[in-house]
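Asker:
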Amino acid sequence: MKKYIDDFKVIKNERLNYEYVILTLQHPGKLPAMMPGQFVEVRVDNGPNTFLRRPISIHDIDEANNTMKLLVQEIGEGTKLMGQLKEGDNCNLVYPLGNSFSLPEKPRVLLVGGGCGIAPLLFMGRHLKANGIEPQFLLGARTEEGLIALEAFRELGQVHTTTEDGSVGTKGYVIHHPVMRTHEPEIDMIYTCGPEAMMKVVAKYARNHNIKCEVSLENHMACGFGACLCCVADTIDGHKCTCTDGPVFDSTYLKW
Ligand SMILES: Cc1cc2nc3c(=O)[nH]c(=O)nc-3n(C[C@H](O)[C@H](O)[C@H](O)COP(=O)(O)OP(=O)(O)OC[C@H]3O[C@@H](n4cnc5c(N)ncnc54)[C@H](O)[C@@H]3O)c2cc1C
Ligand code: FES
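According to my numbering, the sequence shown holds residues 28 to 283 in order.
(1) Can you give the beta carbon distance from E114 to K107, rounded, assuming they're within the 8 Å contact cut?
(2) Taking 8 Å as the cut-off, decide whether the C-beta atoms of H86 and L149 are in contact.
(3) Ordered along the chain, which non-local residues of its own chain (more than five positions away) have a Cβ less than 8 Å from that of D116?
(4) Specify the secondary structure class of P123 as computed by DSSP and reduced to three states.
(5) On the premise that L138 lies in contact with M151, defined as a C-beta separation below 8 Å, what is that separation, rounded to the nearest angstrom?
(6) My guess is that S127 and V275 are in contact by the Cβ rule of under 8 Å, so how many angstroms apart are they, rounded?
(7) Does the contact criterion of 3 or more C-beta pairs under 8 Å hold for the stretch 41–57 versus the stretch 218–237?
(8) Exposed or buried, which one is L255 when buried takes at least 16 other CB atoms within 10 Å?
(9) On the CB-based measure, 16 or more other CB atoms within 10 Å of its CB, does P147 come out buried or exposed?
(10) Would you say the stretch 186–202 touches the stretch 239–251, given that touching needs at least three Cβ pairs under 8 Å?
(11) Check for me: the alpha helix (DSSP H) holding F180 runs from which residue to which?
(12) When burial is assigned at 16 or more other CB atoms within 10 Å of the CB, is A233 buried or exposed?
(13) Compute the distance between the beta-carbons of M207 and P82, then report whether it is under 8 Å.
(14) Is the closest heavy atom of ligand 2 to the C-beta of T269 under 7 Å?
(15) Which value, in whole angstroms, describes the spacing of the CA atoms of G265 and K227?
(16) Grouping DSSP H, G and I as helix and E and B as strand, with all else coil, what is V242?
(17) So, helix, strand or coil for L98, using DSSP?
(18) May I ask which residues mark the beginning and end of the beta strand (DSSP E) holding M151?
(19) Would you mind sorting V181 into buried or exposed? The rule is 16 or more other CB atoms within 10 Å of its CB.
(20) Would you mind reading off the limits of the alpha helix (DSSP H) that contains Y232?
(21) What first and last residue would you give for the alpha helix (DSSP H) that runs through D57?
(22) Quick one: residues in its chain with C-beta nearer than 6 Å to the C-beta of L4, no 5 flanking neighbours on either side, listed in chain order?
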């Protein structure tokens, strides 16, 4: 798939809570085709330590209006500077990078996300719906405040939630939710993105129940296009670059 480098215009910066924003970015012309699971490398301007671009998943696409949404969790200098972008600012992206989620062979689909890992699942949910599949989402967070963008997910399918403190949804981790506690799961395919520990547990559940599972890794990255080898994942075929061979992998392909 052809790669681009473009200045997008920030047309909205919506603050969801103390650490998450959603940036809506306007493409200068016609937005090229992109697939769910792919990511962009964001150039972070005006940061003394941010000469490397930062990888961020494509959260949503509005083809009619040529806009892209990024869900950003502010954890360090780069993402904090992204969170300060204002309407009218430029945001330079290299995109679309990496591979993408596949479409399921059977229709009963669960998308499991935690933290900023929920970002690619919204775009995937929209893609599934456009292909006649009504997805279910299982989203986990530490507290109610960490459960973000729920309305957007609810427009696409049923949303289940867990919180570690039990403030909303099922108390515990995603694996404690009833949809993942049954011995005869009513799902044929799982897509997951979030903290590695969460994805490993979800992948184990999928393996034990013979459910196909795709995971989207968020390994540390630098170049984003296969040159620096800093993002490798250990697979049954040896080391693979998360930025070019991934970020999406069949969970059984990883040496987890
Ligand atoms: C394919 C991919 C997709 C991603 N999608 C999103 C997204 O949609 N939204 C989002 O908010 N973030 C996403 N991330 C994570 C994001 O890239 C990092 O949080 C960001 O690069 C950190 O930059 P920083 O300058 O803010 O923090 P830094 O100052 O670089 O780091 C701050 C702290 O975060 C840790 N850190 C840095 N990168 C990562 C990482 N990849 N995973 C875990 N810890 C990290 C560092 O070790 C350090 O402790 C994605 C990462 C990848 C690889
Ligand atoms: S980030 Fe450089 S090879 Fe993947």
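C-beta atoms are modelled at their ideal positions from N, C-alpha and C, and glycine is treated no differently.
Answerer: Looking at the atomic coordinates:
(1) About 18 Å separates the two Cβ atoms, so there is no contact after all.
(2) yes
(3) K36 and V37
(4) strand
(5) 6 Å
(6) 6 Å
(7) no
(8) Residue 255 is actually Cys in this sequence, not Leu. Classification for C255: exposed.
(9) buried
(10) no
(11) L177 to R181
(12) buried
(13) no
(14) yes
(15) 19 Å
(16) strand
(17) strand
(18) Here M151 belongs to no beta strand (DSSP E); instead the alpha helix (DSSP H) covers A146 to A157.
(19) The amino acid at residue 181 is misidentified as Val; the sequence shows Arg. Its Cβ having fewer than 16 others within 10 Å, R181 is exposed.
(20) E223 to N235
(21) What sits at residue 57 in the sequence shown is Lys, not Asp. K57 -> no alpha helix (DSSP H), and no H or E assigned at all.
(22) Residue 4 lies beyond the range of the chain shown here (28 to 283); nothing can be said about it.
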